[in-house]
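Residue numbers (this note's numbering), protein chains in the order written: chain A, 1 to 147; chain B, 148 to 695. Cβ coordinates follow ideal geometry from the N, Cα and C atoms, glycine included. Note that this is a predicted model, so its numbers are computed, not measured. For reference, the structure discussed in these notes is given below.
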């Protein structure tokens, strides 16, 4: 796995979801876990990350959005564009200031679009894919849409 | 037409290099077919029955002589010396090699053209009235607004992986010549009681397997809000449109399943969050885009004197004039259609030589501008009346003066089984059979819109033809389903099924029978749809099926 954040390859300070490796002072929970253990998680004083599927209904946690430092959106298939609207909604409509990370079926050729809708972190399968992603991110200098 | 500045040019150049890189990686095996598919589709490249097919955008159907010459060059250099104009005002090349496509796109970019989003599950080319800017009944020229929407939708980061393709059409006249009611979104320019410009917004129209006429989502959206309103619609569609079945993934199905009211509530709630934000169009922005369109310098002293003389001396010219030209908003000018439905020619096809001739004639007579129509013809929209005769003489020399616009031989037709991997039945040979049968009688019969698709995906718009023909597969044989009474103008309507499908060999006779019922029953000056409405389907059924 390789992580790109703010257009650079960098190490990950968060627990690894695949290997279950922990990270001191940080915890990642699913939407269900958050709803179930909300009070306990807040009391723990840890920095909180939340995982979402691209089609998840977000109304239930929107008022808690400021409590998270990280929101991870899992892209089940690269052809499923719902993650783009979800990220855009979180970042621009609800003004989420923390990290929004794309994981799952993330292709280097989609990186530029992902970073333009609010994702600031992309998880790629390996360093080769991450290097290619950095190139594709630099591929355009002209955009019609406002940033 | 709209002229690129450095910014627009940079964007298309960067897109070419991006696709060159992607194509190289695919050919080297670094991208799978599945991963490459949406990337090539979003650059207009399909893999068809015989070869790739490249669809190139002609934004809202306007192109220059220089651009037409580039099409001719591409067809000579990379294809089989012809191109095919589509029902959405674009052009398709049927035989390019995959490895040549980046070079073709670079050639296109050199004349301010591209194939961005001409296919794929994204926002497609914006289409509009082919007579925009020259028709007398226009409220406002829709083309600058089409350009604004084109720019907003081009390489849109959020809406490039939609559930399915998304088509937008804009009309600036009360008479709808852009088929807006059968688009995912149809925009009608309107003025409110205070004279403010805006749009009536239709949603959920479409043809294909489930033809549906679009409904009004909002009766009036101010022009400054149109982009944020479109973004709200697209966001709701992107989030909630079905992705489990590609045949149920268009916005029309979402609107039908949740109901127009619920859909409207969702759009309004989303719009409430973004209205007045960064997508708001200031009047100076709109003015800026309008100024990027060249202004045509009409001669106000033009007269019809020479024209009148030729009309009385040359009956063949007169027939072409009456069938293929229309009134212009400017006195002393006419709109001339170039039919691409000559006998022995696939509807919409044009050779490289003909493309160059049209480019020359446009330069000589019509400000160097050419329009494409959604009936798969071309138009030179700004011809001085006194130049019409010499234009016609030159068109005639190149098989471009077929006087059949609007008649039964001016049919819309998809490429069918000959080229398309989706088709169930051929359409080009049926089209040729119909053309042969009616060539000498078409203008005498009067205007009839005949539209034909080789499968239920409906690229030939059969559902909205006054006569619709749909190719179907029955145990490996090609059969054809007929419908009557469809319409795509003003009040769109889907045609009614005539009866059971007809064998290929009997289709032309069946059409002949339908036309004869009309001829036998019509009152003086009565159009096809009016006779059908008055006498109903039964006489047509009896004539067609009684004889089999």
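Through-space distance from residue j to residue i, alpha-carbon basis
i	j	result
residue 67 of chain A	residue 425 of chain B	27 Å
residue 322 of chain B	residue 126 of chain A	57 Å
residue 291 of chain B	residue 149 of chain B	8 Å
residue 488 of chain B	residue 522 of chain B	10 Å
residue 216 of chain B	residue 341 of chain B	45 Å
residue 335 of chain B	residue 276 of chain B	11 Å
residue 92 of chain A	residue 142 of chain A	21 Å
residue 588 of chain B	residue 494 of chain B	18 Å
residue 596 of chain B	residue 278 of chain B	18 Å
residue 575 of chain B	residue 654 of chain B	13 Å
residue 60 of chain A	residue 415 of chain B	20 Å
residue 422 of chain B	residue 194 of chain B	41 Å
residue 559 of chain B	residue 309 of chain B	28 Å
residue 403 of chain B	residue 397 of chain B	10 Å
residue 299 of chain B	residue 590 of chain B	43 Å
residue 645 of chain B	residue 54 of chain A	46 Å
residue 317 of chain B	residue 374 of chain B	13 Å
residue 328 of chain B	residue 525 of chain B	22 Å
residue 420 of chain B	residue 119 of chain A	20 Å
Residue-chain proximity (residue i, chain B), Cβ-Cβ < 8 Å
i	result
residue 116 of chain A	yes
residue 125 of chain A	no
residue 96 of chain A	no
residue 137 of chain A	no
residue 93 of chain A	yes
residue 148 of chain A	Outside the shown range of chain A, which is 1 to 147, sits residue 148 of chain A, and nothing can be said about it.
residue 57 of chain A	no
residue 82 of chain A	yes
residue 32 of chain A	no
residue 121 of chain A	no
Nearest neighbour of residue i, chosen from the options [CA to CA]
i	options	result
residue 473 of chain B	B/327, B/199 and B/530	B/530
residue 564 of chain B	B/625, B/521, B/512 and B/637	B/625
residue 199 of chain B	B/158, B/275, B/271 and B/566	B/566
residue 583 of chain B	B/605, B/594, B/551 and B/572	B/551
residue 622 of chain B	B/571, B/411 and B/664	B/571
residue 64 of chain A	A/83, A/95 and A/10	A/95
residue 192 of chain B	B/220, B/261, B/207 and B/216	B/261
residue 152 of chain B	B/331, B/220 and B/438	B/438
residue 442 of chain B	B/476, B/280 and B/683	B/280
residue 362 of chain B	B/406, B/241 and B/671	B/406
residue 633 of chain B	B/613, B/620, B/627 and B/618	B/613
residue 244 of chain B	B/174, B/675 and B/307	B/174
residue 539 of chain B	B/251, B/637, B/638 and B/463	B/463
residue 350 of chain B	B/543, B/641 and B/379	B/379
Bridge partners - residue i, DSSP secondary structure assignment
i	result
residue 239 of chain B	B/202 and B/231
residue 4 of chain A	A/9 and A/122
residue 74 of chain A	A/53 and A/103
residue 369 of chain B	B/345
residue 335 of chain B	B/318 and B/347
residue 485 of chain B	B/525
residue 497 of chain B	B/230
residue 474 of chain B	B/481
residue 95 of chain A	None; residue 95 of chain A has no bridge partner.
residue 397 of chain B	Paired residue(s): none; residue 397 of chain B is not in a bridge.
residue 620 of chain B	B/625
residue 615 of chain B	B/598 and B/630
residue 27 of chain A	A/48
Neighbour flag for residue i against chain A, beta carbons, 8 Å
i	result
residue 241 of chain B	no
residue 293 of chain B	no
residue 182 of chain B	yes
residue 204 of chain B	no
residue 154 of chain B	yes
residue 234 of chain B	no
residue 309 of chain B	yes
residue 303 of chain B	yes
residue 385 of chain B	yes
residue 185 of chain B	yes
residue 403 of chain B	no
residue 188 of chain B	no
residue 179 of chain B	no
Report the residue ranges of all alpha helix (DSSP H) runs contained in full by the segment 156-197 of chain B; include only those spanning at least 4 residues, in chain order. 180-188
Which runs of the beta strand (DSSP E) spanning at least 3 residues fall entirely within the segment 507-542 of chain B, listed in chain order? 516-519 and 525-531
Please go through the segment 536-606 of chain B and give each complete alpha helix (DSSP H) segment of 4 or more residues, from N-terminal end onward. 575-585 and 589-592
What beta strand (DSSP E) runs, 3 residues minimum, are completely inside the segment 260-329 of chain B? 315-318
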